[in-house]
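Using mature numbering (1 follows the signal peptide of the UniProt record, and there is no 0), the letters of the sequence shown correspond one by one to residues -26 to -1, 1 to 368.
Even for Gly, the Cβ is constructed at its ideal location relative to N, Cα and C.
Structure record follows, encoded as structure tokens.
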Amino acid sequence: MTRRRDFLNLLGAGGLVAVSPQLAWAAAPVSTNVANAANYRRLLVLVELKGGNDGLNTVVPYASPLYPQLRPRIALKREEVLPLDEQTAVHPSLAPLRPLWQAGEVAVVQSVGYPQANLSHFRSIEIWDTASRSDQYLDDGWLGRAFSANPPPAEYAADGVAVGSAELGPLSARKARVVAIANADQFQNLARMAQPRSGQGGGALQHLLKVESDVNAAAQRLSGSHVFATAFPSGAFGEAVKAGCQIVAKGTGVAVLRLTLNGFDTHHNQPGPHANLLKQLAEGLVALRAALSELGRWNDTLVMTYAEFGRRPKENQSSGTDHGTAAPHFVLGGRVIGGLYGEAPRLKQLDGNGNLPFAIDFRQLYATVLERWWGMPSADILGGRFASLPLLRS
């Protein structure tokens, strides 16, 4: 049962309140009077690689002699990697994704970053979440602004749902219906236990109880018990994927799912943990594709990874990698035009801190979502014009 002090402790937290287990709701409802021009039937699934994924050991420039020179202890051997072409390969833990690559459903966008990159976890993810410049501070997430400009249908159970994290990230907004589920395992229990109740007290408490009621109603509308033929992987990320697919299966409507895979801040003894993380990612994405294909939704789904930054090309003295800049990201879906995009990492052109230059501004990926996936203008939402990428079929 939600306790009143849970609400009171979270007053002022960006207009959000939390309901056990860490489920948040933006208090302002979406207006039903705004014409919706966006194609929100097309689902967006964001996958945050929390901590900053090491791009060079994920999408590997295995033909470059500089790669093993920069990483004498942690570089992957040529015979280990899975080649995509004569220059580029992927980590062997990503082997489950090979059939999707061969089917042309995976785009690898290389050297994604932004100018004047910030190496702080907190500030850099804020930049990615809000689509801001490095010297600009914004309150709303880029998806929150998209929802404000083009609200999803009022009959949807929620505009967006974050699974596996209490943080709303790009979904943060003052005027959007967004839910954060930190513990996917407990989500079904929350929906079953949710009970409408009346309360006594002043206007502020009544408002909080109304928000709680709205959250509970959303939980009941979003949770489901669809029986999938797909086997979901074990672990927190597998549970998040399963919960997301149950939300889609319920059919009550959601425009965005944001999933989180934790653990990519690999400063120490990177090879083993990083291999395990990429295995979790690959197996989770394969299960996501299989389950959404069962539902007939894969062709209407776009999956995109993101993180606050990549890692430094040169390994550190602890057989790990430190905070870096540009990194590759994956875009998957039934309408994706698979292949390599962007530029291979320019290992000969590291900056004064030993970090990589970027070739693709991360806001180009966002413009691709807004313009090519949902069919809405992106300039006002992103604070400028960013060229979308030609990686989607109509």
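Which same chain residues end up closer than 6 Å to residue i when comparing Cβ atoms and leaving out the 5 residues on each side of it in sequence?
i	result
residue 159	213
residue 323	331
residue 54	66
residue 14	126, 229
residue 90	108
residue 144	103, 115, 116, 117
Would you kindly report the start and end of the unbroken beta strand (DSSP E) that includes residue i?
i	result
residue 24	17 to 24
residue 277	275 to 280
residue 236	230 to 236
residue 360	Note, residue 360: premise wrong, no beta strand (DSSP E); not H, not E.
residue 242	Unbroken run through residue 242: none, as it is neither H nor E.
residue 307	301 to 307
Taking buried to mean at least 16 other C-beta atoms within 10 Å of its own C-beta, is residue i buried or exposed?
i	result
residue 28	buried
residue 81	buried
residue 113	exposed
residue 239	buried
residue 121	buried
residue 139	buried
residue 46	exposed
residue 166	Bear in mind that the predicted position of residue 166 carries a pLDDT of just 49, short of 50, making it unreliable; the figure below should be weighed with that in mind. Classification of residue 166: exposed, given that the 10 Å Cβ count is below 16.
residue 87	buried
residue 328	exposed
residue 157	buried
residue 337	buried
residue 257	buried
residue 59	exposed
residue 273	exposed
residue 96	exposed
residue 25	buried
residue 94	exposed
Using C-beta distances below 7 Å, list every residue in its chain close to residue i, excluding the 5 sequence neighbours before and after it, in chain order.
i	result
residue 206	212, 215, 216, 261
residue 265	202, 204, 219
residue 248	28, 31, 240
residue 92	98, 101, 108
residue 296	241, 285, 286, 290
residue 52	36
residue 259	71, 277, 306
Name the two residues that bound the continuous alpha helix (DSSP H) containing residue i.
i	result
residue 42	40 to 44
residue 248	245 to 268
residue 316	Unbroken run through residue 316 is the beta strand (DSSP E), 313 to 316; no alpha helix (DSSP H).
residue 73	72 to 76
residue 211	210 to 224
residue 341	336 to 341
Less than 7 Å separating the Cβ of residue i from some heavy atom of the ligand SAM?
i	result
residue 221	No copy of the ligand SAM occurs in the structure displayed, which carries no ligand at all.
Excluding five sequence neighbours on each side, which residues of the same chain lie with their C-beta closer than 8 Å to the C-beta of residue i?
i	result
residue 106	100, 112, 357
residue 369	Any answer about residue 369 is impossible in this case: the structure gives the chain only from -26 up to 368.
residue 315	81, 82, 83, 84, 334, 363, 365
residue 130	14, 151, 226, 227, 228, 229
With a threshold of 8 Å between beta-carbons, can residue i be considered close to chain C, or not?
i	result
residue 262	The chain inventory of the structure shown lacks chain C, comprising one protein chain alone.
Every unbroken alpha helix (DSSP H) within the region 86 to 158, with a cutoff of 4 residues, ordered by chain: 95 to 104, 116 to 123
Three CB pairs or more closer than 8 Å across the region 70 to 77 and the region 267 to 283: At 8 Å Cβ cutoff, the stretches do not touch.
Stretch pair the region 305 to 313 + the region 281 to 292: three plus CB contacts closer than 8 Å: Taking 8 Å as the limit for Cβ pairs, the verdict is that the region 281 to 292 does not touch the region 305 to 313.
Contact between the region 12 to 27 and the region 230 to 240 (3+ Cβ pairs under 8 Å): yes
The region 221 to 229 in contact with the region 30 to 37 per 3-pair CB rule at 8 Å: Of all C-beta pairs linking the region 221 to 229 to the region 30 to 37, fewer than three are shorter than 8 Å, placing the two stretches out of contact.
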